[in-house]
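Student:
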Amino acid sequence: MTRYLVLLRHAPLMAKIGVLLIALYAVTAIFAPWLAPYPEAAVVGPKYQPWAAPHWLGTDALGRDVLSRLIYGARNTVGIALVTTVLAFLLGTTTGLLAATVGGWFDTLASRVVDVLMAIPSLIFALLILTITGTSVVALVLVIAVLDSTRVFRLSRAVAQGILTMDYIEVARMRGEGLGWIVRREVLPNAAAPLIAEFGLRFCFVFLFISALSFLGLGLQPPTADWGSMVRDSAKLISFANFSSWNAATFGLAPLLPAGAIALLTLAVNMVVDWVLHVSSGLKD
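Residue numbers for the sequence shown follow UniProt numbering, beginning at 1 and rising by one.
(1) Roughly how many whole angstroms lie between the Cα atoms of residue 286 and Val183?
(2) Kindly indicate the opening and closing residues of the alpha helix (DSSP H) around Asp65.
(3) Just tell me which of Leu117, Val113, Glu198 and Leu24 has its CA closest to the CA of Ala268.
(4) Throw me the rounded Cβ distance for the Ala235 and Leu123 pair, which I believe falls under 8 Å.
(5) Between which two residues does the alpha helix (DSSP H) holding Arg175 run?
(6) Tell me whether Gly104 is buried or exposed, calling it buried when 16 or more other Cβ atoms sit within 10 Å of its Cβ.
(7) Can we say the stretch 55-69 touches the stretch 117-131, given the rule of at least three CB pairs closer than 8 Å?
(8) Is DSSP giving Thr59 helix, strand or coil here?
(9) Keeping to the same chain, check which residues put their C-beta closer than 6 Å to that of Leu21; ignore five residues upstream and five downstream.
(10) Determine the extent of the alpha helix (DSSP H) in which Phe106 is found, giving its start and end residues.
(11) By the 10 Å Cβ neighbour count, where 16 or more other Cβ atoms means buried, how is Asp115 classified, buried or exposed?
(12) Identify which residue in Leu256, Ala259 and Leu201 has its Cα closest to the Cα of Phe89.
(13) With distances taken from CA atoms, which of Leu257, Phe199, Arg185 and Met118 is nearest Gly73?
(14) Out of curiosity, what's the CA-to-CA distance linking Ile108 and Pro39?
(15) Please report the Cβ distance between Ile144 and Val206, rounded to the nearest whole angstrom; I am assuming they are in contact, meaning their Cβ atoms lie under 8 Å.
(16) Can you round the beta-carbon distance between Asn76 and Thr266 to whole angstroms, since I take them to be within the 8 Å contact cut?
(17) For Ile238, count the other beta carbons within 10 Å of its own beta carbon; 16 or more makes it buried, fewer makes it exposed. Which is it?
(18) Using only alpha-carbon positions, find the residue among Leu142, Val83 and His278 that is nearest to Ile196.
(19) If you draw a straight line from the C-alpha of Ala160 to the C-alpha of Thr101, how long is it?
(20) Could you give the first and the last residue of the continuous alpha helix (DSSP H) run that contains Asp148?
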């Protein structure tokens, strides 16, 4: 971590902007109850109020403050996406590295299970499972984590198989080093660069996946604030927008707020991932 903090001082401008944006999202998510002017689900006024004090981004169809729900949406959407990504990475990386190092029947069985899961379109599979099990947060996290762990499994297995053919792995085995030592001290450090990049990209995919499910009504459920469901709820306002006056124009801008928050975070993570991959892989300018 200290190494990356030192390198950040000499990082490209786009990487610094990405880190700054991610830090801003993190602060917003952590301190949402103190930053939001109103509670998450509180009805604070008439519906569809224009952008003016005290509701600086107006109110929604139920009279809830849009700014407050955007702030709480950072905690809910980003927080759940991060937990899901970590769980998917732990599951996918562990099974992928074990499949590559152990081989045999475990590798064959794990690979075939992953092939079956990847053969089914992720969105259709998630919609089916969530329809059956219900749309609780736990079910949402587990379903998406299992689906995304298949991609992590394929990458970690392929990277580990390439590393295991190196001479230093054979030397470690001849010294009598155990499987755990080889994975921890030899495979993981050499697989760090692609795995770090995959973590950032996987977070973006999970983040967008959760937003898509919420847009379809099977993600985070009301009254929980979520950017995907906010886009869905405000999309119909575009047809009522009239840019001849500011108050009427805000109806057309309403869906752009949560959509812009989604797009900006995705862009920021990708900028940081590019920089981290560049540093981790030892590439020179």
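Note that beta-carbon positions come from the ideal geometry of N, C-alpha and C, so glycine has one too.
Tutor: Put simply:
(1) Because the chain spans 1 through 285 in this model, residue 286 falls outside it and cannot be assessed.
(2) Neither: Asp65 is in no alpha helix (DSSP H) and is coded neither H nor E.
(3) Comparing Cα-Cα distances from Ala268 to each of Leu117, Val113, Glu198 and Leu24, the minimum goes to Leu24.
(4) Actually they do not touch by this definition, with Cβ atoms about 19 Å apart.
(5) From DSSP, Arg175 is part of no alpha helix (DSSP H); its letter is neither H nor E.
(6) Looking at its Cβ environment, which holds fewer than 16 other Cβ atoms inside 10 Å, Gly104 is exposed.
(7) With fewer than three CB-CB distances shorter than 8 Å, the stretch 55-69 does not count as touching the stretch 117-131.
(8) Strand.
(9) Sequence-distant Cβ neighbours of Leu21 in its own chain, meaning closer than 6 Å and more than five residues away, are Ala268.
(10) Here the alpha helix (DSSP H) through Phe106 covers Gly104 to Ala119.
(11) It is exposed - the Cβ of Asp115 has fewer than 16 other Cβ atoms within 10 Å.
(12) Comparing C-alpha distances from Phe89 to each of Leu256, Ala259 and Leu201 shows the shortest one belongs to Leu201.
(13) It is Leu257 whose Cα lies nearest to the Cα of Gly73.
(14) Here residue 108 is Thr; the residue named in the question, Ile, does not match the sequence. The alpha-carbon atoms of Thr108 and Pro39 are separated by roughly 51 Å.
(15) That belief holds up - the Cβ atoms of Ile144 and Val206 are roughly 6 Å apart, short of 8 Å.
(16) The pair is not a contact, with the Cβ atoms about 17 Å apart (cut-off 8 Å).
(17) Exposed, since its Cβ has fewer than 16 Cβ neighbours within 10 Å.
(18) The shortest Cα separation from Ile196 among Leu142, Val83 and His278 belongs to His278.
(19) Going from the Cα of Ala160 to the Cα of Thr101 covers about 8 Å.
(20) Asp148: member of the alpha helix (DSSP H) spanning Val137 to Ile163, first to last residue.
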